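Read the structure below first, then the notes.
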Amino acid sequence: MSSSSGSLTEELQCSICLDVFTDPVSTPCGHNFCKTCLNEHWDNSQTCSCPYCKETLKHRPDLKINTTLRELIAHYKKIPEKKPEVLCDICEKRKLKALKLCLVCQSSYCETHLEPHLRVAHLKKHKLMDPVSNLEDYICQKHESPLDLFCRDDQTCVCLICSVRDHENHNTVPIEQESEEKKTELMKTQKYMQQMIQDRIKKIQHIKQPAEVRKAI
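Going letter by letter, the sequence shown gives residues 3 to 219 in our numbering.
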């Protein structure tokens, strides 16, 4: 994941189970936990305190699920995670990690077996991309050609033959262009979500502070 995504993961992580929140709840001091984790922690403790800052609470609060945070987590979980490692299709004994995938040959190559594609004239024309485990999703099942283009009218990936026969006069762009634009949109969404979480936390803390002062008086 990117550094932005990694930072977002920390914002959505329960400090008890160290996983993304499930049914997130907030303590009076403004810290968030999974509802089950926090209840189990208090059930096994002699005092009712915040597991994060250790602030002791006078009474065990009735925990309500933070619906806003839960919705943010639902959106976060839709973000694609790190792709699994793909191995070279040519290595016979010890399979090495694939460096590139050739959409024309429909094979993944390690650094050694990729060398001909970087040296031989006709192989240098082949389209290379980062290796994936789901190669079939990148090949047109109808024409067995690489899905090089994206049809914005039909919101689907198409091969060159499809673009001429079935998507004539449609707005098609190189799939790399569409991918970069989608990544940019995703990064903006991640930053927006991260800022929203921070704003919510600050708002909760701002509301709690006057209430705590009144209780102290």
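The C-beta atom is built at its ideal place from N, Cα and C for all residues, glycine as well.
From a predicted model like this one, the values you see are computed outputs, not experimental measurements.
From the options, residue whose alpha carbon lies closest to that of residue i
| i | options | result |
| --- | --- | --- |
| H61 | T69, T29, L162 | T29 |
| Q157 | P176, L14, C93 | P176 |
| V106 | K99, K190, H124, A100 | H124 |
| T24 | K56, E73, S147, H43 | E73 |
| L130 | K66, V166, L20, K102 | K102 |
| T58 | C31, H169, C16, E187 | C31 |
| P63 | Y140, E180, Q196, C52 | C52 |
| L89 | T49, T70, L116 | L116 |
| I206 | N41, C112, N68 | N68 |
| A100 | Q196, V134, S165, S181 | V134 |
| R202 | C16, W44, D139, N34 | N34 |
Bridge-paired residues (DSSP) for residue i
| i | result |
| --- | --- |
| M131 | L103 |
| P110 | For the sequence presented, residue 110 should be read as Ser rather than Pro. BP columns for S110 point to L103. |
| T186 | Per DSSP, none; premise fails for T186. |
| N34 | S28 |
Boundaries of the beta strand (DSSP E) in which residue i is found, first to last residue
| i | result |
| --- | --- |
| T174 | 174-176 |
| N41 | Premise fails: N41 lies in the alpha helix (DSSP H), 37-45, not in any beta strand (DSSP E). |
| P53 | Looking at the DSSP string, P53 is not in any beta strand (DSSP E), and its letter there is neither H nor E. |
Coarse secondary structure for residue i, derived from DSSP in three states
| i | result |
| --- | --- |
| L149 | coil |
| C159 | strand |
| I206 | helix |
| Q15 | strand |
| V22 | strand |
| L89 | strand |
| M58 | The residue you asked about is not Met; residue 58 is Thr in the sequence shown. Reduced to three states, the DSSP call for T58 is strand. |
| V27 | strand |
| D201 | helix |
| M3 | Only weak support exists for where M3 lies, its pLDDT of 40 falling under 50; the value from the coordinates is given anyway. The answer is coil: DSSP assigns M3 none of H, G, I, E or B. |
Bounding residues of the alpha helix (DSSP H) (the contiguous stretch that carries residue i)
| i | result |
| --- | --- |
| T69 | 69-78 |
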